[in-house]
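Undergrad: I am attaching a structure below and will ask some questions about it afterwards.
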Amino acid sequence: MTCKVSAPSAEHLRGLWSELGAVLTGRRTFQVAVAAGKSVAVHGADTIQQCLNAGLLDEIHVDIAAVLLGSGLRLFDHLVGTPFALGNATVIPGVGVTHLRYPVRIRK
Numbered sequence: 446m447t448c449k450v451s452a453p454s455a456e457h458l459r460g461l462w463s464e465l466g467a468v469l470t471g472r473r474t475f476q477v478a479v480a481a482g483k484s485v486a487v488h489g490a491d492t493i494q495q496c497l498n499a500g501l502l503d504e505i506h507v508d509i510a511a512v513l514l515g516s517g518l519r520l521f522d523h524l525v526g527t528p529f530a531l532g533n534a535t536v537i538p539g540v541g542v543t544h545l546r547y548p549v550r551i552r553k
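Per the numbering used here, numbering of the sequence shown is gapless, rising by one per residue and ending at 553.
Put into structure tokens, the structure is as follows:
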């Protein structure tokens with residue numbers, strides 16, 4: 446897959462992808478991979494919500510861009526036992542996008 450992004454975003458994505466050993470996605474898309482000690486990425490709002498509710502996520506990555514999609518599943522709907530505590534974000538500014546990386550803290 447080829448993506449055209451700004452230099453800061455490319456650097457961010459290269460680092461992120463180098464950490465991944467497997468990708469877990471929703472029912473419409475999947476990728477068979479073995480993590481082999483690396484991170485596992487979780488995609489799809491419903492899958493992310495299930496992992497958050499089960500306490501299985503260490504980090505949440507959010508990319509903010511000036512694009513209005515108009516529909517779809519809300520990422521943070523249907524969370525049980527909220528609120529969740531997120532740590533301080535790592536912010537990577539790109540061109541037309543801001544990449545945010547939040548550590549997920551244990552609920553209290």
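Glycine included, C-beta positions come from ideal geometry on N, C-alpha and C.
#1: Under the DSSP definition of a beta bridge, which residues are partnered with R550?
#2: CB V468 to CB A481, shorter than 8 angstroms?
#3: Compute the Euclidean distance between the alpha carbons of A486 and L465, then round it to the nearest angstrom.
#4: In the DSSP assignment, find the alpha helix (DSSP H) that holds S454 and state where it starts and stops.
#5: My output table needs one value for T543: the three-state DSSP class, helix, strand or coil.
#6: Relative to the C-alpha of G539, which residue among K449, P453, C448 and T447 is closest?
#7: Would you kindly check if the distance between the Cβ of P548 and the Cβ of G532 is under 8 angstroms?
#8: Work out the CA separation of F529 and R550 for me, nearest whole Å.
#9: Excluding the 5 residues flanking K483 on each side, which residues of the same chain have their C-beta closer than 7 angstroms to its C-beta?
#10: On a Cα-Cα basis, can you pick out the residue from T535, R459, L545 and L501 that is closest to A510?
TA: According to the data block:
#1: Here residue 550 refers to the residue found at position 105 when the sequence shown is read from its first residue. According to DSSP, which records beta bridges pairwise, R550 is partnered with A530.
#2: Position 23 of the sequence shown, counted from the first residue, corresponds to residue 468. Position 36 of the sequence shown, counted from the first residue, corresponds to residue 481. Contact flag unset, no.
#3: Numbered from its first residue, the sequence shown carries residue 486 at position 41. Numbered from its first residue, the sequence shown carries residue 465 at position 20. CA-CA distance, A486 to L465, rounds to 7 angstroms.
#4: One-based indexing of the sequence shown puts residue 454 at position 9. Taken as a continuous stretch (DSSP letters only), the alpha helix (DSSP H) holding S454 covers A452 to E464.
#5: As a position in the sequence shown, residue 543 is number 98, starting the count at 1. Strand at T543.
#6: Stepping through the sequence shown from its first residue, residue 539 is reached at position 94. Nearest option by C-alpha distance: P453.
#7: By one-based count along the sequence shown, residue 532 stands at place 87. By one-based count along the sequence shown, residue 548 stands at place 103. Their beta carbons are under 8 angstroms apart, which means G532 touches P548 by this criterion.
#8: In the sequence shown, the residue the question calls residue 550 occupies position 105. In the sequence shown, the residue the question calls residue 529 occupies position 84. Going from the Cα of R550 to the Cα of F529 covers about 7 angstroms.
#9: Counting from 1 along the sequence shown, the entry for residue 483 is found at position 38. Shown here for K483: same chain residues with a beta carbon closer than 7 angstroms to its own, the five before and five after excluded, namely E464, L465 and G466 in chain order.
#10: Position 65 of the sequence shown, counted from the start, is the residue given in the question as residue 510. Of T535, R459, L545 and L501, the residue nearest in Cα terms is L545.
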